[in-house]
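J.: Shown below is the structure under consideration.
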Amino acid sequence: MRSLSIFVLAVGAALVLTASPAHALANGVPVDEGNFQFAARLTMTGIPNSDGTTRDSGCSGALVAPEWVLTAGHCFHDVAGKRVGGPVPYDTTVVLGRVEADGDGGVDVAVTEVRQSPVNDIALARLETPVTDIEPIMVAAIEPEAGEQLRLTGWGALKGGLTTAAEHLQTGLFTVASVDDSTIGVTGEEPAPDTSACLLDSGAPYFRMTEAGPEVVSTESSGPGCPHSGEETTARVDVAADWITETIGEF
């Protein structure tokens, strides 16, 4: 099982990898400027280690409301790796609206609060300032079906062995291979059968295209080492749809 989160650079020490989950996209293709502006790049800094040092990490996600980004629950945790909610546990910033991490345009905004899903590995990260000039992705309320095609966008590493996030947003097509109570398994389809999530892509959205626009169906959770042609485990959004709607509707 591949670790889906990579925690980078313990303060005053060498590069550190942990067994906690996050991801990226291996054997995908670069996203053209202006597309999928809801895709979120999360950067976490100063995450505490049990020995008193700190580390940095990253995840992916999607804007689902002006103040909220949907991502993986395990992206926010305590020193023991347990998922946590409430005030953001360490400094976290979000990039939205551009395909180059350090490019022009888009927005950079801090996260202030985290809400954890009660049913699966999903979290909502509340933004310090509402993002009003980017259209949020819709949240699926319909159960996914085996054989359905989904698209993934992610900011993670481009291949196994890399420990840094991509500088350009990546995408690929996937097929729903299995459906369970709170998760779905997906396999790579295009541009290759081994197109797959990788380090620093936890929380990345798998979405279907509808007449009304893109609709997030699941978020990246865990899987084998990348690249691979096996199944990724992703957290179903429809089973948490009521909780998501209630949470983003509170503000």
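Its first residue numbered 116, the sequence shown is counted upward by one per residue in the working numbering.
Note that CB positions come from ideal geometry on N, CA and C, so glycine has one too.
Roughly how far, in whole angstroms, is the beta-carbon of GLY143 from the beta-carbon of GLN285, given that I think they are within contact range, below 8 Å?
T.: Taking the sequence shown and counting its residues from 1, one reaches residue 143 at position 28. Taking the sequence shown and counting its residues from 1, one reaches residue 285 at position 170. Yes, they are in contact, since the Cβ atoms of GLY143 and GLN285 sit about 4 Å apart, within 8 Å.
J.: For MET159, does the count of other Cβ atoms within 10 angstroms reach 16, so buried, or fall short, so exposed?
T.: Numbered from its first residue, the sequence shown carries residue 159 at position 44. Buried, because 16 or more other Cβ atoms sit within 10 Å of the Cβ of MET159.
J.: In or out: ASN235 buried (at least 16 other Cβ within 10 Å) or exposed?
T.: In the sequence shown, residue 235 corresponds to position 120, counting from 1. Buried: at least 16 other Cβ atoms inside 10 Å.
J.: Quickly, what does DSSP pair GLU305 with across the bridge? List them, please.
T.: Working through the sequence shown from its first residue, we reach residue 305 at position 190. According to DSSP, which records beta bridges pairwise, GLU305 is partnered with LEU288.
J.: In the DSSP assignment, find the unbroken alpha helix (DSSP H) run with GLU282 in it and report its ends.
T.: Here residue 282 refers to the residue found at position 167 when the sequence shown is read from its first residue. That residue, GLU282, is in no alpha helix (DSSP H); it is neither H nor E in DSSP.
J.: Which residue marks the beginning of the alpha helix (DSSP H) containing ALA180, and which one marks its end?
T.: As a first step, residue 180 must be located in the sequence shown, where it is residue number 65. Per DSSP, ALA180 belongs to no alpha helix (DSSP H); it is in the beta strand (DSSP E), 169-180.
J.: Whole angstroms is fine: what's the gap from ALA137's alpha carbon to GLU326's?
T.: What you label residue 137 is simply residue 22 of the sequence shown in a count that begins at 1. What you label residue 326 is simply residue 211 of the sequence shown in a count that begins at 1. With a pLDDT of only 36 at ALA137, under the threshold of 50, the placement of this residue in the model should not be trusted; the figure read from the coordinates follows. If you take the alpha carbons of ALA137 and GLU326, they lie about 31 Å apart.
J.: With a 10 Å radius around its C-beta and 16 neighbouring C-beta atoms as the bar for buried, classify GLN152 as buried or exposed.
T.: Mapped onto the sequence shown, residue 152 falls at position 37. Answer is buried; the Cβ neighbour count reaches 16.
J.: Would you call SER175 buried or exposed, if buried means 16 or more other Cβ atoms sit within 10 Å of its Cβ?
T.: For the purposes of this step, residue 175 is identified with residue 60 of the sequence shown, where counting begins at 1. Its Cβ being crowded by 16 or more others within 10 Å, SER175 is buried.
J.: Write down the C-beta distance between GLU347 and GLY300 rounded to the nearest angstrom, noting that I regard them as a contact closer than 8 Å.
T.: Numbered from its first residue, the sequence shown carries residue 347 at position 232. Numbered from its first residue, the sequence shown carries residue 300 at position 185. Rounded, the Cβ-Cβ distance is 7 Å, consistent with contact.
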